[in-house]
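Chains as they are written, first to last, in the working numbering: chain A, 555 to 773; chain B, 6 to 115.
From the three backbone atoms N, C-alpha and C, an ideal C-beta is built for every residue, glycine too.
For clarity, every value in this text was computed on a predicted model and none was experimentally measured.
Scroll down for the structure; my scribbles are underneath it.
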Amino acid sequence: MTRSVITIKKDILAKNDELADENRKRLKEAGILAINLVSSPGAGKTSLLVRTLNEIGNKARFAVIEGDQETDNDAKKIEATGVPVTQINTISACHLDAGMMRKALDTFDLDSIDTLFIENVGNLVCPASYDLGEKMKVALMSVTEGEDKPLKYPKMFRVSSALVITKTDLLPYVDFDITAATDYALKINPDLKVFKVSAKSGDALLELYDFILSGAHDL
Amino acid sequence: MSIAMSIVDIAESYAKREGASKILKITLDLGEHSGAVAESVEFCFDACSRGTMAEGSVLEINRVKAEALCAGCGTTFHPETAIFICPRCGDIGANLVAGEELQVHKMEVE
């Protein structure tokens, strides 16, 4: 058989993006604000979520999708707050994709949700490229990490709408330069809304709650 | 890994549509800021293509240089670092206009 060349020009993530658009449509029709939480492993996504749900869980109808490679440990912590939760185990994948998100959406009664948190797999690389159909990505970064994370993983900070610097109660014990971290992040993405909080001491959480309950809806 | 799997899926579906029996070469456009690393894609492609029409095919990667457009003064420039500072006006609000490509461009079949 003869050789021939086929022009394709198809985006490798096109299938994911199509599914993400379908998810976005479903979320919009149900009036749900979906927030995709992304960070390195251990930045404190689950702890922040648990405290948030315990403190403002009665101010809106929340639900959570938990993404981890293995275990339902995080889902159990969310379940204890009384908020509906669905755990996705990605097994070999290092990120959630729009197909997994669609299946997770099927497990909820979407008409009884106002705000959906998606806790992505801890990874600052791949989740930046996979649209799930969320309204926004919120990146977390803890003060026990290097302050140059935004420079090392710029794409994640570029595609996020907000940055939450976590574990600020540990600032007296670590060498983290919070001014430099904020500066780096804002140079990567001048539109980032930056919050500096501690889920342990509760410091500055009210400002973040305001954002979740009202500000994020307007972005 | 899932990127390599998508490449094989896309290539196989187009090859079948064309009635081809074997994929000889796949050409990708990979932007400098696509979030994918050429070496990793190559490594995973070898594993993912085994047992498919793309097994043994050549994976050619066109690296696309990043190009940023300054929102302040309209200058286009190649961003040298993660922070996109306009070399003309010093503004940092530049958007990428090239360099995010992650695309199967073409392929050779028989």
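Secondary structure of residue i, DSSP reduced to three states
{"i": "A/Asn577", "result": "helix"}
{"i": "A/Leu686", "result": "coil"}
{"i": "A/Arg712", "result": "helix"}
{"i": "A/Val675", "result": "coil"}
{"i": "A/Met655", "result": "helix"}
{"i": "B/Glu113", "result": "strand"}
{"i": "B/Arg93", "result": "coil"}
{"i": "B/Lys2", "result": "No answer is possible for residue 2 of chain B: it lies beyond the span of chain B, which begins at 6 and ends at 115."}
{"i": "A/Phe765", "result": "helix"}
{"i": "A/Phe662", "result": "coil"}
{"i": "B/Ile22", "result": "Residue identity differs from the one stated: residue 22 of chain B is Arg in this sequence, not Ile. Looking at B/Arg22 - three-state DSSP - the assignment turns out to be helix."}
{"i": "A/Lys569", "result": "helix"}
{"i": "B/Glu65", "result": "strand"}
{"i": "A/Ala614", "result": "coil"}
{"i": "A/Ile562", "result": "strand"}
{"i": "B/Glu47", "result": "helix"}
{"i": "B/Leu101", "result": "strand"}
{"i": "A/Ala693", "result": "strand"}
{"i": "A/Asp723", "result": "helix"}
{"i": "A/Val639", "result": "strand"}
{"i": "B/Glu37", "result": "coil"}
{"i": "A/Ile586", "result": "coil"}
Integer-rounded CB distance, given that residue j should sit under 8 Å from residue i
{"i": "A/Tyr707", "j": "A/Asn570", "result": "That pair is no contact at about 20 Å."}
{"i": "B/Val69", "j": "B/Leu35", "result": "7 Å"}
{"i": "A/Leu650", "j": "A/Arg580", "result": "Not confirmed; about 16 Å, so no contact."}
{"i": "A/Lys564", "j": "B/Val109", "result": "5 Å"}
{"i": "A/Lys750", "j": "A/Ile732", "result": "7 Å"}
{"i": "A/Thr760", "j": "A/Thr669", "result": "A small correction: the amino acid at residue 760 of chain A is Leu; Thr does not occupy that position in the sequence shown. Actually they do not touch by this definition, with Cβ atoms about 17 Å apart."}
{"i": "A/Ile667", "j": "A/Arg615", "result": "5 Å"}
{"i": "B/Glu85", "j": "B/Met58", "result": "Contact flag wrong, Cβ pair sits at about 41 Å."}
{"i": "B/Ile15", "j": "A/Pro744", "result": "Going by Cβ atoms, the distance from B/Ile15 to A/Pro744 rounds to 36 Å, so no, they are not a contact pair."}
{"i": "B/Cys78", "j": "B/Arg93", "result": "6 Å"}
{"i": "B/Tyr19", "j": "A/Ile566", "result": "Not really, about 13 Å apart at Cβ, beyond 8 Å."}
{"i": "A/Ala644", "j": "A/Val675", "result": "Reading off the sequence shown, one finds Thr at residue 644 of chain A, where the question assumed Ala. About 6 Å separates the two Cβ atoms, so the contact holds."}
Contact under 8 Å by Cβ, residue i with residue j
{"i": "B/Leu107", "j": "B/Ser39", "result": "yes"}
{"i": "B/Ala73", "j": "B/Ala99", "result": "yes"}
{"i": "A/Ala734", "j": "A/Met710", "result": "no"}
{"i": "B/Glu23", "j": "B/Gly104", "result": "no"}
{"i": "A/Val697", "j": "A/Ile672", "result": "no"}
{"i": "B/Lys21", "j": "A/Ile560", "result": "no"}
{"i": "B/Ala76", "j": "B/Phe50", "result": "no"}
{"i": "A/Leu705", "j": "A/Tyr727", "result": "no"}
{"i": "B/Val114", "j": "A/Ser768", "result": "no"}
{"i": "A/Leu607", "j": "A/Thr635", "result": "yes"}
{"i": "A/Ala647", "j": "B/Ser7", "result": "yes"}
{"i": "A/Ile752", "j": "A/Asp723", "result": "The sequence given here has Ser at residue 752 of chain A, not Ile. Yes, Cβ-Cβ distance for A/Ser752 and A/Asp723 is below 8 Å."}
Which listed residue (the options) has its alpha carbon closest to that of residue i
{"i": "B/Ala71", "options": "B/Ser62, B/Thr81, B/Val109", "result": "B/Thr81"}
{"i": "A/Val592", "options": "A/Asp565, A/Ser601, A/Asn677, A/Asp628", "result": "A/Asn677"}
{"i": "A/Lys741", "options": "A/Asp702, A/Leu573, A/Ala770", "result": "A/Asp702"}
{"i": "A/Ala574", "options": "A/Val751, A/Leu607, A/Asn590, A/Ile562", "result": "A/Asn590"}
{"i": "A/Arg656", "options": "A/Asp772, A/Asn577, A/Phe765, A/Leu670", "result": "A/Asn577"}
{"i": "B/Ile66", "options": "B/Glu60, B/Met58, B/Ala43, B/Glu85", "result": "B/Ala43"}
{"i": "A/Glu633", "options": "A/Gly700, A/Thr600, A/Ile645, A/Ser646", "result": "A/Thr600"}
{"i": "A/Glu572", "options": "A/Tyr763, A/Asp723, A/Ser752, A/Ala652", "result": "A/Ala652"}
{"i": "A/Gly700", "options": "A/Lys630, A/Leu725, A/Ala682", "result": "A/Leu725"}
{"i": "A/Met695", "options": "A/Asp660, A/Thr736, A/Thr661, A/Ala682", "result": "A/Thr736"}
{"i": "A/Lys630", "options": "A/Ala584, A/Leu603, A/Val748", "result": "A/Leu603"}
{"i": "A/Ala682", "options": "A/Ser594, A/Lys613, A/His771", "result": "A/Ser594"}
{"i": "A/Tyr763", "options": "A/Ala568, A/Leu659, A/Lys613", "result": "A/Lys613"}
Cβ-heavy atom distance, residue i to the ligand HEM, below 7 Å
{"i": "A/Gly611", "result": "The model depicted lacks the ligand HEM and carries no ligand whatsoever."}
TODO: May I ask you to verify whether the stretch 21 to 33 of chain B touches the stretch 751 to 769 of chain A, counting CB pairs closer than 8 Å and requiring at least 3?
DONE: no
TODO: Please confirm if the stretch 686 to 693 of chain A is in contact with the stretch 709 to 727 of chain A, defined as three or more CB-CB distances below 8 Å between the two stretches.
DONE: yes
Task: Validate contact between the stretch 602 to 621 of chain A and the stretch 629 to 640 of chain A using beta carbons, cut 8 Å, 3 pairs - done: The answer is yes - the stretch 629 to 640 of chain A touches the stretch 602 to 621 of chain A, with three or more Cβ pairs under 8 Å.
Open item on the list: Closer than 7 Å between beta carbons: that is the criterion. Which residues of the stretch 65 to 85 of chain B meet it against chain E?
Closed with: The chain labelled as chain E is not found among the protein chains of the depicted structure, namely A and B.
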